[in-house]
Amino acid sequence: MIVMGTYNFEQQKHMKGTDSWKWDKEGKECLYPLGVADTDFLPPPEVTEAVMKKASQGNFAYGVMPQAFYDSVSHWYQKRHGAEIRPDWVTYSPGLIVAIKMLMEAVTHVGDNVIIQSPVYFNFSLIIKRNGRNILENTLLYENGIYRIDFEDLERKAADPRTTMLIFCNPHNPIAHAWSREDVERVAEICNRNHVFVVSDEAHSDILFQGTRHIPFVSLDQKTAENSASINSAGKTFNTNGLYVSYAVIPNRQVRDAFENAYANHHFDFSMIGVPAQIAAYEHGDTYTDELNQYLWGNITWLEEFLKENMPDVKMVKPNATYLMWLDFHGWGMNSEQVDAFFRSAGVALNRGDIYGDAGDGFMRINIACAREVLQAAMESVCGRYRDMFRKDQ
């Protein structure tokens, strides 16, 4: 039995016909779209009310960013992560990849090296290449179902004088892992010593399980704060990605000014509808976030048990964060393209592991942020095909 608190995550939104990428794009091709990193959950009512209130004013002209936006980020980091973030460190961005681009323009030059830690979110490599920088892969080490950072390789790549930036993902997408304080501190020490600026993508930092704590990169110490930026959004937690509101926390005044100059050069502005939504989410979303994490953990434990009982040669990388589970299909002897075709034949869409780099081939990413009955129906459909394929007499 699923025990509900204040919020009912079993209540399904009917998003077909709403121009939803998940349901009108992925869902047009497959009955169960479990790829894109949205949730199927209603946000807290205060978020919807904030959007409706702003819309009812009928003023959609150019606006002025309210101080409450910066304050809400500062308060949220204090409440959720115990981190002291000054409001004046916060800068608006319409998206995290836009923020990375602005930071790249602020602290690197064309031809510089930028480190990523694959398998990792595929847009990191795209934004690096599109902006004339070179990708250096500090591939994560994978052994016995556990990932860890290859610090020796990171040392070598950071020591190259042409290397000026590391894009750090914490919690790490797609491996569902929040890095420990020890790991974050060691990354910071290497990058500080080699003058490599760190952009820490913390988009999934609210989705944490079993006592896991998120370590905001800029919160470590003053030296690290001056050599880093944490980028984030309420989007993953509160399902507001389509409102295009995010932010960068940049303690270094010189870098912050350069970021804002780069932003102005592209003539971006802010979302009049989205900003009130994020303020409301951060002011009223504490209980929602706690209950969301409890529900997601229930989905994770259900999926883990289902795989053990029905598809034991599929291994789930042990998660401590995010609602994006990383499944190892090497036991099938298939690459990601072949596994993807198999799942689609069962009406289920996941994300192929190889889009996250060569190190992701043979893996798939599944989004479990849906009603449990949807997850169950999707996996039962896959299991039926699995029994046929492997001639299991079950």
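Numbering (the working numbering), first residue to last: 21 to 414. Note that the Cβ used here is the ideal one computed from N, Cα and C, for glycine as well.
Short Cβ contact (8 angstroms threshold) for residue i with residue j
i	j	result
residue 218	residue 251	no
residue 244	residue 212	yes
residue 370	residue 378	no
residue 133	residue 156	yes
residue 170	residue 154	no
residue 313	residue 56	no
residue 267	residue 113	yes
residue 271	residue 109	yes
residue 328	residue 165	no
residue 253	residue 265	yes
residue 67	residue 260	yes
DSSP-derived helix/strand/coil call for residue i
i	result
residue 50	coil
residue 390	coil
residue 346	strand
residue 269	strand
residue 328	helix
residue 18	An answer regarding residue 18 cannot be provided, because it is not within the stretch 21 to 414 covered by the chain.
residue 184	strand
residue 177	helix
residue 363	helix
residue 60	coil
residue 335	strand
residue 118	helix
residue 101	helix
residue 38	coil
residue 161	strand
residue 225	coil
Of the residues the options, the one placed nearest residue i, counting alpha carbons only
i	options	result
residue 25	308, 365 and 262	308
residue 186	196, 195, 175 and 328	175
residue 61	358, 116 and 343	343
residue 241	181, 205 and 90	205
Outcome for residue i when other beta-carbon atoms lying within 10 angstroms are tallied against a minimum of 16
i	result
residue 192	buried
residue 146	exposed
residue 416	Past the edges of the chain, shown from 21 to 414, lies residue 416, and the structure says nothing about it.
residue 144	buried
residue 122	buried
residue 111	buried
residue 130	exposed
residue 116	buried
residue 257	buried
residue 323	buried
residue 277	exposed
Cβ of residue i within 8 angstroms of any chain C Cβ
i	result
residue 191	Although the question refers to chain C, the structure presented lacks it and comprises just one protein chain.
- Item | Three CB pairs or more closer than 8 angstroms across the stretch 73-88 and the stretch 284-304 | yes
- Query: Are the stretch 320-333 and the stretch 115-133 touching by the rule of at least three beta carbon pairs closer than 8 angstroms?
  - Reply: no
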